[in-house]
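Numbering (the numbering used here), first residue to last: 434 to 828. Read the structure below first, then the notes.
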Amino acid sequence: MNTQDLKILYIEGDGVGPEITPVMISALKCAVERSYSKPPKLTFEEVLAGGKAERLTSESLPEETLRKIKETGLAIKGPLMTPVGKGKRSLNVALRQSLDLYVCQRPVRYFAGVPSPVKRPEDVDMVVFRENTEDIYAGIEWPSGSAEAKHVIDFLCNEMKVDRIRFADTSAIGIKPVSPDGSRRLIRAAIDYALRTNRKVVTLVHKGNIMKFTEGGFLNWGYELAMQEYRAYRKDGKVYIPASGGDILLNDCICDAFLQNILLKPSDYSVVATLNLNGDYISDALAAEVGGIGIAPGANINYETGMAVFEATHGVAPDIAGKNAANPLSLVLSGEMLLRYAGLDEAADSIIRAVETTLKAGKVTRDLYSLIEDKEKAECLSTSDFASVLLKNIG
Ligand code: NAD
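Put into structure tokens, the structure is as follows:
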């Protein structure tokens with residue numbers, strides 16, 4: 434156990450953020466206090482981002498927020514609003530890039546009692562490592578008809594002799610940078626995680642059949658890394674990484690087939706390493722299999738500097754904001770990841786047990802209740818009532 438006191442910065446978030454963030458803070462404090470005879474002190478300090486930051490400072494991501502996160506190295510955030518197609522960059526993407534949080538880590542597991550659209554949701558137990566700083570998400574793009582887009586298209590057509598831009602006069606242009614450095618550090622984090630947590634399969638998910646040098650590069654660099662840094666070996670046409678308690682199978686899957694396989698045979702997969710856009714789709718598809726984004730946690734981590742920002746994976750849920758109806762579990766379970774990351778495993782375990790007990794008893798918020806077929810076995814709770822039950826069940 435980590436006996437050090439812990440300072441955690443938090444961003445309250447927009448929309449349902451002010452309703453779910455206090456639940457997360459109470460759950461973490463309660464878990465730590467009840468799990469140790471001499472509990473470390475947990476201090477939460479608010480930093481501003483999103484709508485609240487704009488109202489108070491007229492900036493949506495103040496420099497001070499970035500500075501404090503860099504100094505403290507540990508933060509958790511509620512969801513932040515991103516206007517679509519208005520030329521304004523996503524705050525989430527800006528945070529990940531400016532702090533170089535290159536791993537987006539999303540554990541996906543099933544809790545008994547949660548409604549699921551698949552027959553065997555208990556077979557889903559994966560941890561997705563999504564590359565967070567490169568790919569088409571890097572935000573290098575220009576709108577249709579802009580001087581910049583025309584300039585890039587002219588360069589491609591005239592200097593690079595590209596003749597495959599179907600509507601060269603009107604195309605918007607986006608650039609997809611993918612590097613060996615960026616791919617290797619992400620895949621290294623995924624393999625290290627499998628070694629640390631005794632997981633036995635790491636799968637590289639890619640579209641290298643179509644995008645040969647970017648996604649195909651990711652795949653090749655992954656296998657090279659395993660050979661060079663982890664003494665991987667081939668046996669019967671498969672690649673294995675030596676590990677105590679049984680070697681790890683390193684394999685790969687094309688992304689579209691992977692999206693089928695996670696429905697048809699999810700137990701084949703355990704740790705998944707993939708690029709940014711694939712990872713975005715995969716994380717939400719997997720979350721849907723085990724109860725939806727309302728309960729899926731996530732973290733953005735730089736495993737080299739140790740800096741980590743944990744986050745609710747859903748958006749600001751404008752349709753239910755202010756109605757005391759949001760499910761706080763995505764953020765609470767992100768807090769559970771934070772505790773584990775900080776070495777407070779016993780407190781993290783007590784949150785998992787409390788979530789299991791609460792959901793198994795049929796106590797759920799409206800998002801899950803609306804999907805439960807046998808309504809007699811469940812009770813639909815407001816955010817605050819759900820929080821009370823959860824806190825009672827911790828420890
Ligand atoms: P959303 O996640 O906000 O909502 C999608 C659906 O899920 C809605 O029906 C909503 O009510 C429901 N939902 C989401 N969170 C829930 C919760 N905790 N409990 C119960 N139900 C929940 O996605 P959206 O509508 O596509 O996006 C709205 C805004 O959020 C956009 O501005 C988007 O950019 C932003 N967003 C932010 C993040 C983030 O901060 N990490 C992630 C996704 C979207």
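We put the beta carbon where it would ideally sit given N, CA and C, even for glycine.
Considering Cα atoms alone, identify which of the options is closest to residue i.
{"i": "residue 508", "options": "493, 485, 481", "result": "481"}
{"i": "residue 444", "options": "535, 487, 468, 579", "result": "487"}
{"i": "residue 721", "options": "822, 454, 554", "result": "554"}
{"i": "residue 566", "options": "815, 525, 600", "result": "525"}
{"i": "residue 808", "options": "770, 546, 471", "result": "546"}
{"i": "residue 442", "options": "462, 479, 664, 540", "result": "479"}
{"i": "residue 777", "options": "657, 466, 628", "result": "466"}
{"i": "residue 498", "options": "448, 693, 742", "result": "742"}
{"i": "residue 676", "options": "515, 733, 787, 627", "result": "627"}
{"i": "residue 830", "options": "438, 469, 500, 579", "result": "Any answer about residue 830 is impossible in this case: the structure gives the chain only from 434 up to 828."}
{"i": "residue 716", "options": "515, 500, 559", "result": "559"}
{"i": "residue 714", "options": "496, 539, 511, 792", "result": "539"}
{"i": "residue 737", "options": "549, 599, 617, 543", "result": "617"}
{"i": "residue 513", "options": "788, 765, 751, 827", "result": "751"}
{"i": "residue 551", "options": "695, 614, 760", "result": "695"}
{"i": "residue 446", "options": "817, 754, 826", "result": "754"}
{"i": "residue 473", "options": "817, 775, 800, 818", "result": "775"}
{"i": "residue 657", "options": "549, 719, 621", "result": "621"}
Using the Cβ count rule (16 or more neighbours within 10 Å means buried), how would you classify residue i?
{"i": "residue 685", "result": "buried"}
{"i": "residue 642", "result": "exposed"}
{"i": "residue 591", "result": "exposed"}
{"i": "residue 452", "result": "buried"}
{"i": "residue 747", "result": "buried"}
{"i": "residue 483", "result": "buried"}
{"i": "residue 584", "result": "exposed"}
{"i": "residue 631", "result": "exposed"}
{"i": "residue 502", "result": "buried"}
{"i": "residue 756", "result": "exposed"}
{"i": "residue 489", "result": "exposed"}
{"i": "residue 492", "result": "exposed"}
{"i": "residue 683", "result": "buried"}
{"i": "residue 596", "result": "exposed"}
{"i": "residue 669", "result": "exposed"}
{"i": "residue 655", "result": "buried"}
{"i": "residue 496", "result": "exposed"}
{"i": "residue 608", "result": "exposed"}
{"i": "residue 697", "result": "exposed"}
{"i": "residue 614", "result": "exposed"}
{"i": "residue 646", "result": "exposed"}
{"i": "residue 740", "result": "buried"}
{"i": "residue 578", "result": "exposed"}
Note down, in chain order, each residue of its chain lying with its Cβ closer than 6 angstroms to the Cβ of residue i, except the 5 sequence neighbours on either side.
{"i": "residue 699", "result": "556, 557"}
{"i": "residue 533", "result": "735"}
{"i": "residue 815", "result": "757"}
{"i": "residue 625", "result": "none"}
{"i": "residue 688", "result": "638, 640, 711"}
{"i": "residue 610", "result": "567, 571"}
{"i": "residue 543", "result": "554, 555, 557, 723"}
{"i": "residue 770", "result": "730, 732, 743"}
{"i": "residue 672", "result": "665, 683"}
Looking only at its chain, what residues have a beta carbon closer than 8 angstroms to the beta carbon of residue i, apart from the 5 residues adjacent to it on each side?
{"i": "residue 459", "result": "820, 824"}
{"i": "residue 601", "result": "586, 590"}
{"i": "residue 772", "result": "461, 464, 465, 778, 780, 781, 784"}
Cutting at 7 angstroms between CB atoms, please list the residues of its own chain near residue i, excluding the five before and the five after it.
{"i": "residue 619", "result": "535, 536, 562, 564, 706"}
{"i": "residue 811", "result": "795, 797, 802, 805"}
{"i": "residue 575", "result": "581, 582, 585, 605, 606"}
{"i": "residue 767", "result": "509, 730, 731, 732, 743, 744, 745"}
{"i": "residue 477", "result": "441, 443, 458"}
{"i": "residue 633", "result": "679, 681, 682, 703"}
{"i": "residue 762", "result": "727, 728, 788"}
{"i": "residue 454", "result": "443, 445, 446, 511, 764"}
{"i": "residue 674", "result": "624, 659, 663, 665, 680, 681, 683"}
{"i": "residue 530", "result": "566"}
I'd like the span of the beta strand (DSSP E) that includes residue i, first residue to last.
{"i": "residue 743", "result": "741–745"}
{"i": "residue 693", "result": "Here residue 693 belongs to no beta strand (DSSP E); instead the alpha helix (DSSP H) covers 688–697."}
{"i": "residue 542", "result": "536–542"}
{"i": "residue 564", "result": "558–564"}
{"i": "residue 705", "result": "704–707"}
{"i": "residue 802", "result": "Counting along the chain, residue 802 falls outside any beta strand (DSSP E), though it belongs to the alpha helix (DSSP H) covering 799–802."}
{"i": "residue 439", "result": "439–444"}
Name the two residues that bound the continuous alpha helix (DSSP H) containing residue i.
{"i": "residue 650", "result": "648–663"}
{"i": "residue 774", "result": "762–774"}
{"i": "residue 615", "result": "613–630"}
{"i": "residue 455", "result": "450–468"}
{"i": "residue 826", "result": "816–826"}
{"i": "residue 484", "result": "484–490"}
{"i": "residue 793", "result": "778–793"}
**Item:** Residues near ligand 1, criterion Cβ-heavy atom distance below 5 angstroms
**Value:** Having a Cβ closer than 5 angstroms to some heavy atom of ligand 1 are 512, 513, 514, 515, 525, 727, 747, 748, 749, 750, 752, 753, 759, 760, 800.
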